[in-house]
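Student:
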Amino acid sequence: MMLLSLAIQTPEVPARVPVALLAGELEENLAKVSGIGYDGVEFITTDPAGLDGVFIKKILTQHHLQVSAIASGGIAFAAKLTLLHPDSAVASIARQRLDDMIDFASDLGAPVVTVGSFRGRAVGDNLQSLKALGDILWNASEHALKRGVRIALEPLNHYEGDLLNTAAQTLDFLQGVNHPSIGILLDTYHVNIEESSWTEPYRQVMSAQKLFYVHLGDNNRLSPGKGLIDFPAIISTLKEGGYSGWLSAELLPLPDSDTAIRNVANIMRKWMGDVS
Ligand code: LER
Ligand code: MN
Numbered sequence: 074m075m076l077l078s079l080a081i082q083t084p085e086v087p088a089r090v091p092v093a094l095l096a097g098e099l100e101e102n103l104a105k106v107s108g109i110g111y112d113g114v115e116f117i118t119t120d121p122a123g124l125d126g127v128f129i130k131k132i133l134t135q136h137h138l139q140v141s142a143i144a145s146g147g148i149a150f151a152a153k154l155t156l157l158h159p160d161s162a163v164a165s166i167a168r169q170r171l172d173d174m175i176d177f178a179s180d181l182g183a184p185v186v187t188v189g190s191f192r193g194r195a196v197g198d199n200l201q202s203l204k205a206l207g208d209i210l211w212n213a214s215e216h217a218l219k220r221g222v223r224i225a226l227e228p229l230n231h232y233e234g235d236l237l238n239t240a241a242q243t244l245d246f247l248q249g250v251n252h253p254s255i256g257i258l259l260d261t262y263h264v265n266i267e268e269s270s271w272t273e274p275y276r277q278v279m280s281a282q283k284l285f286y287v288h289l290g291d292n293n294r295l296s297p298g299k300g301l302i303d304f305p306a307i308i309s310t311l312k313e314g315g316y317s318g319w320l321s322a323e324l325l326p327l328p329d330s331d332t333a334i335r336n337v338a339n340i341m342r343k344w345m346g347d348v349s
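Here's what the structure looks like:
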């Protein structure tokens, strides 16, 4: 069975992340999400070492919510830290933050830490940058393995990233990394820009046993159903392939956050077959 979640940012994130559905006070936000059709929340964090995991776990339990992932999506945007940053001092802080995110995921029982824009851009030669990224992610995967967490690497559209735009490129790259604790996050919004089929990329990644996570957003980055993407076809493909992980909404809070989170839950529950 697939589970539904939505991306919200934690209070230490120093700027509003455009694709976070909620920002601000965590207790208030979890109360808002509770009871409207979500199984969990994805936390967009920038510096989780300072967060009170015990307290957060308590409010999650009160609201019957799990944590689907700790996301690094805000860290390049809001904290200007990337794993491949040309300034080695900055890159080393970023790598430490990835380990902190893995620890935080482990403390909260979240299965996955995401790596999308947090990887940064190529510095000089693409192949050399991929080699450096592979080494960083192998080390992080070892840490993740020890903490019972997995890393989900996200192909990004070519406007947002110059390394790993498609599922096939990312699968190739992961063959080189060769670690069981790292797999792929497919985001419907990026798939729509870079791929040639609604469904093939999911099938391909599932048959390699590497589909660790899915982000939901329509082609205009609104709620599924508000744009052109064929979500029912994607959901059928995921079901056929035996995907039993998270589908997590990471999209623009429009026309406003409350409406967007209700729209996502209503349409996704219908399409996921949980209500008739
Ligand atoms: C950004 O477009 C995105 O999809 C995030 O998950 C990247 O980290
Ligand atoms: Mn995404």
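Heads up: the sequence shown at position 251 corresponds to 324 in the working numbering, and the numbers run straight through without jumps.
Beta carbons are placed, not taken as given, at the ideal position from N, Cα and C, and that holds for glycine.
The alpha helix (DSSP H) spanning R170 covers which residue range?
Tutor: Position 97 of the sequence shown, counted from the start, is the residue given in the question as residue 170. First-last of the alpha helix (DSSP H) with R170: 161-181.
Student: Please list the terminal residues of the continuous beta strand (DSSP E) segment that includes L284.
Tutor: Taking the sequence shown and counting its residues from 1, one reaches residue 284 at position 211. Taken as a continuous stretch (DSSP letters only), the beta strand (DSSP E) holding L284 covers 284-289.
Student: Pick helix, strand or coil for E101, following the three-state DSSP scheme.
Tutor: Taking the first residue of the sequence shown as 1, we reach residue 101 at position 28. It is helical.
Student: Run the CB neighbour count on P274, radius 10 Å, all protein chains shown included, and call it buried at 16 or more, exposed below.
Tutor: Along the sequence shown, one-based indexing puts residue 274 at 201. It is buried - the Cβ of P274 has at least 16 other Cβ atoms within 10 Å.
Student: Quick check on the burial criterion: 16 or more other C-beta atoms within 10 angstroms. Buried or exposed for P228?
Tutor: One-based indexing of the sequence shown puts residue 228 at position 155. By the beta-carbon neighbour count (other beta carbons within 10 angstroms, threshold 16), P228 is buried.
Student: Please enumerate, following chain order, all residues with a beta carbon closer than 5 Å to at least one heavy atom belonging to the ligand LER.
Tutor: G146, G189, S190, D260
Student: With H, G and I counted as helix, E and B as strand and the rest as coil, what does DSSP make of I302?
Tutor: Indexing the sequence shown from 1 puts residue 302 at position 229. Three-state DSSP puts I302 in coil, outside helix and strand.
Student: Just how far apart, CA to CA, sit N293 and A322?
Tutor: Indexing the sequence shown from 1 puts residue 293 at position 220. Indexing the sequence shown from 1 puts residue 322 at position 249. N293 and A322 have their alpha carbons spaced roughly 13 Å apart.
Student: Roughly how many whole angstroms lie between the Cα atoms of S141 and S202?
Tutor: Taking the first residue of the sequence shown as position 1, residue 141 is located at position 68. Taking the first residue of the sequence shown as position 1, residue 202 is located at position 129. Approximately 29 Å between the Cα atoms of the pair.
Student: In three-state terms, what does DSSP make of D331?
Tutor: For the purposes of this step, residue 331 is taken as the residue at position 258 of the sequence shown. Reduced to three states, the DSSP call for D331 is helix.
Student: Pick out whichever of R89, I129, A213, I340 has its Cα sitting closest to the Cα of G182.
Tutor: Here residue 182 is taken as the residue at index 109 of the sequence shown, counted from 1. When only C-alpha atoms are compared, the closest one is I129.
Student: Buried or exposed for V127, please, with buried defined as at least 16 other CB atoms from any protein chain shown within 10 angstroms of its CB.
Tutor: Looking up residue 127 in the sequence shown gives position 54. Result: exposed.
Student: Measuring only from the beta carbon, is Y111 closer than 8 Å to any heavy atom that is part of the ligand MN?
Tutor: Position 38 of the sequence shown holds residue 111. Not so, every heavy atom of the ligand MN lies at least 8 Å from the Cβ.
Student: Is it buried or exposed, S330, if we count other Cβ atoms within 10 angstroms and call 16 or more buried?
Tutor: Along the sequence shown, one-based indexing puts residue 330 at 257. Buried is the call here.
Student: Cα separation between L76 and L320?
Tutor: Sequence index remark: in the sequence shown, residue 76 carries index 3 (1-based). Sequence index remark: in the sequence shown, residue 320 carries index 247 (1-based). For L76 and L320, the distance between alpha carbons rounds to 6 Å.
Student: Less than 7 Å between C-beta atoms, sequence neighbours within five positions excluded: which residues of the same chain meet that for A151?
Tutor: The residue you call residue 151 lines up with position 78 of the sequence shown. V86, P87, A88, V90, T119, listed in sequence order.
Student: If you run the structure through DSSP and keep just helix, strand and coil, what is A93?
Tutor: Stepping through the sequence shown from its first residue, residue 93 is reached at position 20. Reduced to three states, the DSSP call for A93 is coil.
Student: Please return the same chain residues whose Cβ sits closer than 6 Å to the Cβ of I175, not counting the five positions on each side in sequence.
Tutor: Residue numbering aside, residue 175 sits at position 102 when the sequence shown is read from its first letter. Contacts found: V186, H216, A217, R220, V222.
Student: Taking DSSP as the reference, what is the three-state secondary structure of S254?
Tutor: Along the sequence shown, one-based indexing puts residue 254 at 181. Coil at S254, not helix or strand.
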